[in-house]
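Visitor:
Residue numbers (the working numbering): 150 to 1083.
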């Protein structure tokens, strides 16, 4: 019985009416269903080009108006090109979409939208509102795709694109999903955009001349000549449409005029003489032909045919392929049915052959019984199927009855609903009538009421349309703002990265230049005053280095956070030294300051600003202490200093106290007024606010110092207070705030007698500093002791004015930030850190005169505030306040004993001098006696 399961091959027994297989010689090429479906899928999944006709508003004078233009998007450059027609070879102009924004206005003409670039605004109009929304959404997506695309193609573009394609597709899908939250995706308008739009005739204008671009007249002439040349070439060949090559060896003339297949001649087709072409051969041929025409329009050859005839032929051939594919599927289905019938007939034939071939009656009887058993089984199966059919019929009748009942119920509900609607309409008419004609007024004729009602309905429809238009505009603008914001953030992030990279390179450049100048300085020190060609060349190089400015050398370069002549508080960034050696040192210092500023700006300053901004209300804490040690950003420093000063003097402050002291200083002249006036002109000569004749800072400083002289009569005025008050004025800006800052420093932070006539506490702190230096920096103190260098000549002024004349402004204010919170211990910490910072340089100096000369300006060479802060608050630990107080107590007792002993010597001297003055030698007359004789 195995023979019953055998099937003959399909190709061996073709069914009647079936065509010849595609693979036969001389037969037409017919794709199998799987391949044809693959072609359809490839065409559907291919990226659709964004192109189509739009009206562009432009022109001048009487030619100004709407002009029909063919627009085409170039993905490589993110440009939207446009020409007069789709067949033009050269575009008229392009629009850069990478930095453009899109806008549509609800009150504008339907289909009108704008593309706003940094240089111009282009007004466009689509045929319908749907086309306008489609263009806007597609332009948004193209712009986002361009900004998310990789910046440059790699060496192996296929592999790189394969790797980047999933991530890029994911980002685009996310962006599409986000945009759909604002505006639903618009379906592609059929025949108005894409390649199909090129087959449509260009929109007709009222005047043919009006559509010509006079601004791009040269391009218009080139396109016209190109089209004329293409038409002449086509007419000369006599085959095919213009702009299409027709080599006889590849494309015979029979292909140009396709005929319908003749059913009387199976296996013959108009394209029988042509060899079988691969999939999508028609599209490939069209692309190759278009490329041979030297088309200069970007990507136009890949999308648009040269004329309408060739495109129509292509569409006709594609339709014919689809028809043949459907017919092939139907023929295959017929072949399957015939194969089943043939299999049944073959089984019957085998059974008959076996019956006839049986040798004995017993075998034939067995075959008959087998057939009878099969017939009985089939009969039982037929009965079961008949019973099943009857049950299904009964179920169907029950269902029909149920459906009829439901229909009756629905009809009743519809009648009820109609009755209710009639009642609602009558009531609505009555309400409308009552609204139009109140009961206390006479009724208006029905015609006028109908007209009013219709006008109101018309207005309502207009309002609904306007509301819908505004809603659409709002949704689109929301999506545009969302996308532009994301693009701006990405561009800002890229710009920030580039700025950090440029800052790093500029800082490295400054460091290299600083090392070069330092090398010149060391060569100058090594040569000394020797007269030689090398010394002359060295002097010339130094002179050029002093005159050279980075801005002149890199005039076209990018300046990032440049160090100007003055800083934000008015101090000179480069000290003005008259000695040439010091000028070179000042130049080196300026370069180092700039290098540290560029490197620290993004890494440290911005995070510090963010921490200060997030701090909120100020309160004493460990976090605040750490932040103050790191420094306060410029925008937050006035607020923080006012809070620090208020903590110190809140028990001394009284409303109107400063104004009272000012009025007293105006009515009564203080003895210290003359010294204050002299010191005003000596205050910060390197600050523009104190050297400019029109500045108001000197007058404010005078009033603050006079008010303080009356606030604390025991001190009155001491040299150095002018610098303390000047720093407070530069930071706080207000006179009264600066006055209370000076009071806080003198009366609450510094020890008593710090600014008295004897300066007792100041002298004590100098001795304490000597002990601390010996403890923390023993090697340096031994070196200075051997050369008999007294550091108090240098450090006394540091403590008196809290480094106001010593450190550069940004480090000075950082010291003051911590000083106003923690007190005088900060001054000791920074004094020790300054010597530690320059310890190696001082140890290299052997002569005491060189050491004094170096100590005179070495604090100005400190540029790395972060390093100095780490030395002061980390390397100098442990630094307990108890130790500082003990040292102060010990040295104060010693100093007071020395002063008391000095007073005794002074009293003894005066007594001795008085006793000697009473005895006058003979022959010597006093001045009084001489005057009397005269």
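No residue lacks a Cβ here, since even glycine has one placed at the ideal position from N, Cα and C.
1. Considering only the alpha carbon of each residue, which of 880, 879 and 868 lies closest to residue 895?
2. Which residues does DSSP pair with residue 932 in a beta bridge?
3. Classify residue 814: buried if its beta carbon has 16 or more other beta carbons within 10 angstroms, exposed otherwise.
4. I'd like the span of the alpha helix (DSSP H) that includes residue 283, first residue to last.
5. Pair every Cβ in the region 846-863 with every Cβ in the region 800-818, then say whether three or more of these pairs are closer than 8 Å.
6. Secondary structure at residue 954, three-state DSSP: helix, strand or coil?
7. Should the region 273-290 be called in touch with the region 334-342, which here means at least 3 C-beta pairs below 8 Å?
8. Output the boundary residues of the alpha helix (DSSP H) element that contains residue 574.
9. How is residue 782 classed by DSSP in three states: helix, strand or coil?
10. Alpha carbon to alpha carbon, what distance is there between residue 612 and residue 258?
11. Using only the alpha-carbon positions, how far apart do residue 400 and residue 458 sit?
12. Could you tell me whether the Cβ atoms of residue 231 and residue 218 are closer together than 8 Å?
13. Is the shortest distance between the beta-carbon of residue 971 and the beta-carbons of chain C less than 8 Å?
14. State the CB to CB distance for the pair residue 1041 and residue 913, rounded to an integer number of angstroms; the pair is presumed to be in contact (CB under 8 Å).
15. Provide the residue span of the beta strand (DSSP E) that contains residue 245, from first to last.
16. Tell me the residue span of the beta strand (DSSP E) that contains residue 940.
17. Got a sec? Which residues, its chain only, sit under 8 Å from residue 567 by beta carbon, not counting five neighbours each side?
18. Apart from the five residues on each side of it in sequence, which residues of its chain come closer than 8 Å, Cβ to Cβ, to residue 277?
19. Between the region 1009-1023 and the region 1037-1053, do three or more beta carbon pairs fall short of 8 Å?
20. Helix, strand or coil: how does DSSP classify residue 801 here?
21. For residue 853, name the three-state secondary structure that DSSP assigns.
22. Residues in its own chain within less than 6 Å of residue 970 by CB, not counting five upstream and five downstream?
23. Short check: CB of residue 215 to CB of residue 206, under 8 Å?
24. Rounded to whole angstroms, what is the Cα-Cα separation between residue 941 and residue 915?
25. Just the C-alpha distance for residue 908 and residue 902, rounded to the nearest angstrom, thanks.
26. My output table needs one value for residue 864: the three-state DSSP class, helix, strand or coil.
27. Just to confirm, is the Cβ distance from residue 287 to residue 203 under 8 Å?
28. Just the Cα atoms here: how many angstroms apart are residue 641 and residue 1020?
29. Please classify residue 200: does DSSP put it in a helix, a strand, or coil?
30. In three-state terms, what does DSSP make of residue 270?
31. Per the DSSP calculation, residue 261 is bridged to which residue(s)?
32. Please check the pair residue 925 and residue 981, which I expect to be a contact at CB under 8 Å, by giving their CB distance rounded to whole angstroms.
33. Hey, how far is the Cα of residue 947 from the Cα of residue 873?
34. Can you tell me which of the three DSSP states residue 195 falls into?
35. What is the residue span of the beta strand (DSSP E) that residue 365 lies within?
Guide: For this structure:
1. 868
2. BP columns for residue 932 are empty, so no partner.
3. buried
4. 278-297
5. yes
6. coil
7. yes
8. 510-585
9. coil
10. 16 Å
11. Bear in mind that a pLDDT of 39 at residue 400, under 50, signals an unreliable position, so the model cannot answer this.
12. yes
13. Of the chains in the structure shown, none is chain C; there is only one protein chain.
14. 5 Å
15. 242-245
16. Counting along the chain, residue 940 falls outside any beta strand (DSSP E), and DSSP gives it neither H nor E.
17. none
18. 259, 260, 338 and 341
19. no
20. coil
21. helix
22. 777 and 793
23. yes
24. 6 Å
25. 6 Å
26. coil
27. no
28. 37 Å
29. strand
30. strand
31. 274
32. 5 Å
33. 12 Å
34. In this predicted model, residue 195 has a pLDDT of only 42, less than 50, meaning its place in the structure is not dependable enough to derive any value.
35. First-last for residue 365: undefined, no H or E at that position.
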